[in-house]
Amino acid sequence: MTHLTAFDAAFAELPLIAILRGVRPDEVEAVGTALVDAGFKILEVPLNSPEPFDGIARLAKAVAGRAVVGAGTVLRVEDVARVEAAGGTLIISPNANTAVIAEAAGRGLVSLPGIATPTEAFAALDAGASALKLFPAEAASPVVLKAMRAVLPKTTRILPVGGITPTTMAPWLQVGAAGFGLGGALYAAGMSADEVSARAADFVASYRALTTA
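Quick note, the sequence shown lines up with residues 21 to 233 if you use this note's numbering.
Written out as structure tokens, the structure reads:
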């Protein structure tokens, strides 16, 4: 199974990405396991977290076979190989650096760059992006997403990221959001695994309620 196939399977089960910004290596296994137990299939350790590559390695081992793991805030081409060496298969960024996207795609990794305009979106897709992160979602709106989807390839997956809560997903889903990246409303640095579990359950329940007819 390729990394993209594994990501696609995880995305089909639950297209919510847990962003664990600030998580420490000594707590990442407990937090990650709590998220996976709640139904999450895609986990991200941003590279501006403490000792991120150690955290990615520990997390990837802890949830192997149950979820896909990668890095967020990947800004440099050379970090793509470091993420891969740590066991991460997702390269997620706040920006659309085409060199980073191409490096990830060339290694068979999943590239999910941040975009804010149609120009960035098309450039990211041309460079090999697997899906797109509309970031920051607070600076956009469902109207913006609807307009982008009218011109982008129909199969393009766009995930709003930034300020998403269990109660704000509905209008985005109505205009074609493929999923979401979830940050502070799901996890904040220092949060216990039990608290993360409760928040994760709220997100999963809300998403299922909105997408299950």
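From the three backbone atoms N, C-alpha and C, an ideal C-beta is built for every residue, glycine too. Every value quoted in this text rests on a predicted model; they were computed, and no experiment measured them.
query                                                                                                                                            : result
Should GLU158 go down as buried or exposed, given a rule of 16 or more other Cβ atoms within 10 Å for buried?                                    : exposed
Tell me the DSSP secondary structure of PRO191 in three-state form.                                                                              : helix
Buried or exposed for THR22, going by 16 or more other Cβ atoms inside 10 Å?                                                                     : exposed
Measure how close the beta-carbons of PRO45 and GLU71 come, nearest whole angstrom, since I'm counting them as under 8 Å.                        : 5 Å
Taking buried to mean at least 16 other C-beta atoms within 10 Å of its own C-beta, is LYS153 buried or exposed?                                 : buried
If THR118 and ALA143 are in contact, beta carbons under 8 Å, what's the gap, nearest whole angstrom?                                             : 6 Å
Below 8 Å on the Cβ atoms is my contact criterion, and I expect ILE111 with VAL120 to pass it. Report the Cβ-Cβ distance as a whole number of Å. : 7 Å
For ILE76, name the three-state secondary structure that DSSP assigns.                                                                           : helix
My parser needs the beta strand (DSSP E) runs of 3 or more residues fully inside the region 89-113; what are they?                               : 110-112
To which residues of the same chain is ALA26 closer than 6 Å at the C-beta, ignoring the five residues directly before and after it?             : VAL88
So, using beta-carbon positions, are SER226 and ALA54 closer together than 7 Å?                                                                  : no
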